[in-house]
Every structure is written in C-alpha cells, then in structure tokens.
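Per the numbering used here, residue 3 is the first one in the sequence shown, and the count goes up by one each step.
Here's the structure, in structure tokens; my notes come after.
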Amino acid sequence: MDGEAKYQYKNGKWYCSKYIAQCPEVKRRNSERNKELYINGRKSPAAGKPSWNKGLTKETSERVAKSVATLKSGFETGRLISHRKGKPHTIEEKKKISESRKRYLQEHPDKVPYLLNHSSKMSYPEQYFKELFEKEQIPLLYHKQIGIYQLDFYNEDLMKYVEIDGETHSLENVKKIDARRDKYLKDLGWSGIRIKWSSYQKMNEEEKHSIISNIKEFLN
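As structure tokens, this is what we get:
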C-alpha cells in the first residue's frame, strides 16, 4: 500500500525503497542500539565515544567526501528530508551555530561572505579617497584584515581606521553587522570613523574640506 514501507530482504540485509524507518528489521536494530546507548535512562559509556569521522573533512577523507556527496544528492532530489524541516532552532541551538560559524570564519578569513561576494578590485570611492589621502598627506594605508573583518583605510600605529560606506550600509541587517564589527574592533583597541559616500558626493567643496580636516584631527 502507498504510504507503507516497501522493503525486501536481500544478501542478509533489508532494503527499503521508502520510509526506511518503518522496515521491521530497521526498527529492531534501532531499538537494540538505543538499549545499548541508554542504561536505566542514562547514556552508557559507549555513547561518549567519538564518531569515526571526528576531525575528518571531505578534503582529507575519501569516505567523508562520499558521504557528503550522497547526502547532498539525497536532499537535492528529495529522496531525503531533513528532520529539522519546518522546525525553528531554539535559542541555544542558534547560539551554538553562531559560535561555531564565528570560529570557522576566524580560522578561515578567506571564506568570509563579504570577501567571497565582493570584487577584489578597488572600488571607485576607495580609489577616490586613496588618491585624496595621498594628496593631503594623510597617513592611512589601504585595506587590512583583522579577524573576519577588513578595514578600508587604516593606521596600524595609531590603531585607527576610516570606512567608506556604500548604500548597502543603510540596510537594517547590514547596520547590525557593522555594529558587531565596530564593537569587535573597539574591544581590540581600534577606533574609527565612517564616511557615507552618497552624502559626501552631495557636499560642496567647503563641506568636503571639513571632512578631510576632521580626519586629520582624528589621526592626531
């Protein structure tokens, strides 16, 4: 019948074409495994043993690479459905995922989404201010990576930086990212100022000169 497990016993194993958890043999094995893992309602010592793939990645283990490819194919084709589908993460789970993500990006700064989604070429606003800083003899260098964040212009001796913000920095989610970024840098001893490019473009020469004067004063 549709909706029931379709299975057959072949070469000493049970094979199910759908709803594998409903297969009698699979249910029996799962039940026995659970009994081994739990003794009087508590996890047995065996449950604390590390999994076989701990510390391995698809780049270092052919077995892990095959497992990843199989799972990916299953989810893409709909053969497999995540047990979390439709279930929101708890606050504790979100915190754990966030901390894990931060650790990964700190260890792999080249994988930061901002860097992956943006061109490595200097933007026009950055080129404009780079030339302006050189002309005004303002001691700021271009680009520095600190943790998972990248500074537009910086002075490492003074631990000060200047950011040139485009229109995306007006978005609420980007504002939150900028706030976390500023706090992270502040905790490390850095201080900075931001220049909104669209606002700067609308300024007259006197107002633009005032911005440059403020930057010079900021660096003194």
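Backbone N, C-alpha and C define an ideal beta-carbon position, used for all residues, glycine too.
Bear in mind the structure is a predicted one, so any value in this text is a computation, not a measurement.
For residue i and residue j, I'd like the C-alpha separation in whole angstroms.
| i | j | result |
| --- | --- | --- |
| E133 | L160 | 21 angstroms |
| L190 | E158 | 12 angstroms |
| E78 | T72 | 10 angstroms |
| R181 | I83 | The residue you asked about is not Arg; residue 181 is Ala in the sequence shown. Each residue's alpha carbon lies about 37 angstroms from the other. |
| E95 | I197 | 37 angstroms |
| T62 | K74 | 18 angstroms |
| R103 | T170 | 23 angstroms |
| K178 | E64 | 40 angstroms |
| G149 | I99 | 18 angstroms |
| L173 | S33 | 51 angstroms |
| H211 | Y186 | 30 angstroms |
| R30 | L58 | 30 angstroms |
| S201 | G76 | 50 angstroms |
| R81 | E101 | 31 angstroms |
| F155 | K68 | 44 angstroms |
| K188 | Q129 | 26 angstroms |
| E208 | K146 | 30 angstroms |
| P90 | M124 | 40 angstroms |
| L153 | K60 | 32 angstroms |
| M205 | K97 | 43 angstroms |
Kindly indicate which three-state DSSP category residue i falls into: helix, strand or coil?
| i | result |
| --- | --- |
| D159 | coil |
| N222 | coil |
| C213 | Inspection of the sequence shows that residue 213 is occupied by Ile rather than by Cys. Reduced to three states, the DSSP call for I213 is helix. |
| Q152 | strand |
| K123 | coil |
| K198 | strand |
| E208 | helix |
Could you tell me whether the Cβ atoms of residue i and residue j are closer together than 7 angstroms?
| i | j | result |
| --- | --- | --- |
| N55 | V70 | no |
| V176 | I195 | no |
| E138 | I214 | yes |
| I93 | F131 | no |
| P127 | W192 | no |
| R105 | Y151 | no |
Among the options, which residue has its Cα nearest to the Cα of residue i?
| i | options | result |
| --- | --- | --- |
| E219 | K162, E208, T170 and E174 | K162 |
| L221 | M205, L143, E61 and E101 | L143 |
| Q203 | G168, R81 and P141 | G168 |
| N216 | N206, I140, K146 and D154 | I140 |
For residue i, list the residues DSSP reports as bridge partners.
| i | result |
| --- | --- |
| S193 | K162 |
| K146 | L153 |
| D180 | Answer is none; D180 lacks a bridge partner. |
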